[in-house]
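J.: Quick one: the structure is below, questions incoming.
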Amino acid sequence: MELLSEDDQNLKGMTRAELEAAWDLWFELARHTDDFDPPYTHGVFQTVDVDALRRELANEVKQPPANP
Amino acid sequence: MGNRYFELTREFNRSGTVAVLSSGQAVVWYRLAIMSKDGDWIVREDSTACSRIRHVLAEHGACYRAGAPLEVDWLAGGWSSHFEFHDAKGLRIRCDFVSRPPRVAPAALAAMFAPDRPREQLPVVDLQSLITTKQTQRAKDYPIIGALARLLPPADELRFTTDPDRILELAGVHGAGSSRPAVRLAMQNRNRDEVVVALAREADAQQLLDRARLKQYERAGAEYMREFLRSDLGNLPLAEAHPRVVALADRLLPRRLP
Chain A
85 MELLSEDDQN
95 LKGMTRAELE
105 AAWDLWFELA
115 RHTDDFDPPY
125 THGVFQTVDV
135 DALRRELANE
145 VKQPPANP
Chain B
994 MGNRYFELTR
1004 EFNRSGTVAV
1014 LSSGQAVVWY
1024 RLAIMSKDGD
1034 WIVREDSTAC
1044 SRIRHVLAEH
1054 GACYRAGAPL
1064 EVDWLAGGWS
1074 SHFEFHDAKG
1084 LRIRCDFVSR
1094 PPRVAPAALA
1104 AMFAPDRPRE
1114 QLPVVDLQSL
1124 ITTKQTQRAK
1134 DYPIIGALAR
1144 LLPPADELRF
1154 TTDPDRILEL
1164 AGVHGAGSSR
1174 PAVRLAMQNR
1184 NRDEVVVALA
1194 READAQQLLD
1204 RARLKQYERA
1214 GAEYMREFLR
1224 SDLGNLPLAE
1234 AHPRVVALAD
1244 RLLPRRLP
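Protein chains in written order, with the numbering used here: chain A, 85 to 152; chain B, 994 to 1251.
This is the structure in structure tokens:
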């Protein structure tokens, strides 16, 4: 069972500069998925649903103030 | 422009090792993948290191994302700090920091910041520590662990690999003393299917452990995260936001888990 395809294996044959250039090209293309990325992929907040929190806060703002 | 996260690592560490590149970009560094959009670092746990990193991030126009302050008090409790900026091309750069990566032994952490570490090398987390940081709640990390383990000497590979074929191949020579059920089964010449099932159970147990760990932080940080977002601290320049983030954390984010 190999994780890497033959193309991926070529990463090992690249110079450091070639590897950085390849990553640079990939990174530019990857910007198109920024909006779909999860808020956290590392650290201790990965399970926090930030979008739900934001929606809750937005709803609080929309709510009319409670009667005194 | 090259890899922004490698370049940031050089900037952080210009005057001494304060941040070691970890996780996805470390996998890129070891040439096993090219796909990682954010940067993760293990921070040296002292105020000089935190200050240096905040300074570099501020120079790039970074802002806090909701998360703990980049300060020793919270990092030492296992919390993580998160930042974001856009580079000269407008590309989003996300930077995540911890000083106590889960499952990494204190001795391995100390070695990352040892004074005799060669200065000319980019500070990148060692393979064994990288593998343990990858034993996460996410299923997609486990094939990467198998690929990372292939870079280790065979006896060490057997301690970590997630590949049943490698376990079947290595267990006979290097398996003595292993506590891994999959390795023990392979040493008993049990069939491949049993080894596969044992590996799946091991990975599932690791995922559940990590998920439980994160849930503890989620609960302890819930009120803080809500207030962070309500206060809109992520839209302030870092230098202005930092003292306010610290003040909020002082009030609502426990330094250690209850």
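Yeah, the Cβ is synthetic: ideal placement off N, Cα and C, and Gly gets one too. Since the structure is predicted, the reported quantities are computational estimates derived from the model, not experimental observations.
So what does B:Ser1074 bridge to, in DSSP terms?
T.: DSSP output for B:Ser1074 lists B:Phe1090 as bridge partner(s).
J.: Which residue's Cα is closest to the Cα of B:Tyr1135: B:Phe1005, B:Thr1010 and B:Val1020?
T.: Comparing Cα-Cα distances from B:Tyr1135 to each of B:Phe1005, B:Thr1010 and B:Val1020, the minimum goes to B:Val1020.
J.: I'd like to confirm the pairing. Which residues does DSSP put opposite B:Ser1015 in its beta bridges?
T.: DSSP, once it has assigned bridges, lists B:Asp1033 as partnering B:Ser1015.
J.: Along chain B, which residues have their Cβ under 8 Å away from the Cβ of A:Asp108?
T.: Those within 8 Å of A:Asp108 in chain B are Met994, Gly995 and Asn996.
J.: Alpha carbon to alpha carbon, how far is B:Ala1140 from B:Glu1162? Give it in angstroms, no decimals.
T.: One C-alpha to the other measures close to 15 Å.
J.: State the DSSP-derived secondary structure class of B:Tyr1217, mapped to helix, strand or coil.
T.: Correct three-state label for B:Tyr1217: helix.
J.: Counting beta carbon pairs with one atom in the stretch 1082-1091 of chain B and one in the stretch 1048-1060 of chain B, are three or more of them shorter than 8 Å?
T.: With a cut-off of 8 Å, the stretch 1082-1091 of chain B and the stretch 1048-1060 of chain B count as touching, because enough Cβ pairs lie within range.
J.: Going by DSSP, what residue range makes up the beta strand (DSSP E) through B:Arg1058?
T.: First-last of the beta strand (DSSP E) with B:Arg1058: Cys1056 to Arg1058.
J.: Let me know the secondary structure DSSP gives B:His1167 once reduced to three states.
T.: Correct three-state label for B:His1167: helix.
J.: Give me the Cβ distance between B:Leu1126 and B:Val1166, rounded to the nearest whole Å; I'm assuming they're in contact under 8 Å.
T.: The displayed chain sequence assigns Thr, not Leu, to residue 1126 of chain B. Incorrect: roughly 28 Å between the Cβ atoms, too far for contact.
J.: Cβ of B:Leu1207 less than 7 Å from any chain A Cβ?
T.: Answer yes: the Cβ-Cβ gap between B:Leu1207 and chain A drops below 7 Å somewhere.
J.: Can you give me the Cβ contacts of B:Gln1200 inside the same chain, cut-off strictly under 8 Å, excluding the 5 residues immediately before and after it?
T.: Correct list, in chain order: Thr1129, Gln1130, Arg1131 and Ala1132.
J.: Got a sec? Which residues, its chain only, sit under 7 Å from B:Arg1249 by beta carbon, not counting five neighbours each side?
T.: Cβ within range, chain order: Gly1070.
J.: In the DSSP assignment, find the unbroken alpha helix (DSSP H) run with B:Asn1182 in it and report its ends.
T.: Unbroken run through B:Asn1182: none, as it is neither H nor E.
J.: Which residues, in chain order, does the stretch 1056-1086 of chain B contribute to contact with chain A at a C-beta distance below 7 Å?
T.: Against chain A - using a Cβ distance shorter than 7 Å - the residues of the stretch 1056-1086 of chain B are Ala1059, Gly1060, Gly1071, Trp1072, Ser1073, His1075, Leu1084 and Arg1085.
J.: Mind checking the stretch 128-139 of chain A against chain B and listing, in chain order, the residues whose C-beta falls within less than 8 Å of any C-beta there?
T.: Flagged, chain order: Val128, Phe129, Gln130, Thr131, Val132, Val134, Leu137 and Arg138.
J.: Using beta-carbon positions only, say whether B:Leu1226 and B:Ala1234 come within less than 7 Å of one another.
T.: Yes; because the gap between Cβ atoms is below 7 Å, this pair is in contact.
J.: Let me see if you follow: with CB-CB separation under 7 Å, is A:Lys146 close to chain B or not?
T.: No, because no Cβ of chain B sits closer than 7 Å to the Cβ of A:Lys146.
J.: Is there a Cβ of chain B sitting closer than 7 Å to that of A:Arg42, yes or no?
T.: Only positions 85 to 152 of chain A appear in this structure, which leaves residue 42 of chain A out of reach.
J.: For the stretch 1207-1217 of chain B and the stretch 1031-1049 of chain B, state whether three or more C-beta atom pairs, one from each stretch, are separated by less than 8 Å.
T.: Verdict: no, contact absent.
J.: What residue does the alpha helix (DSSP H) around B:Asp1156 start on, and which one ends it?
T.: First-last for B:Asp1156: undefined, no H or E at that position.
J.: List the residues of chain B whose Cβ lies closer than 8 Å to the Cβ of A:Ala105, in chain order.
T.: Correct list: Gly995.
J.: Is B:Arg1085 helix, strand or coil by DSSP?
T.: Strand at B:Arg1085.
J.: Just to make sure I have the definition right: I need the residues of chain A whose C-beta is within less than 7 Å of the C-beta of B:Ile1027. Which are they?
T.: Within chain A, the residues near B:Ile1027 are Leu95, Ala106, Trp107 and Trp110.
J.: Could you give the residue range of the alpha helix (DSSP H) that holds A:His116?
T.: Per DSSP, A:His116 belongs to no alpha helix (DSSP H) and is neither H nor E.
J.: At 8 Å on the CB atoms, spell out the chain A contacts of B:Gly1268, in chain order.
T.: Limits of chain B in this structure are 994 at one end and 1251 at the other, which puts residue 1268 of chain B out of reach.
J.: Could you check if B:Gly1017 is buried or exposed, using at least 16 other CB atoms within 10 Å of its CB as the buried criterion?
T.: By the 10 Å Cβ count, B:Gly1017 comes out buried.
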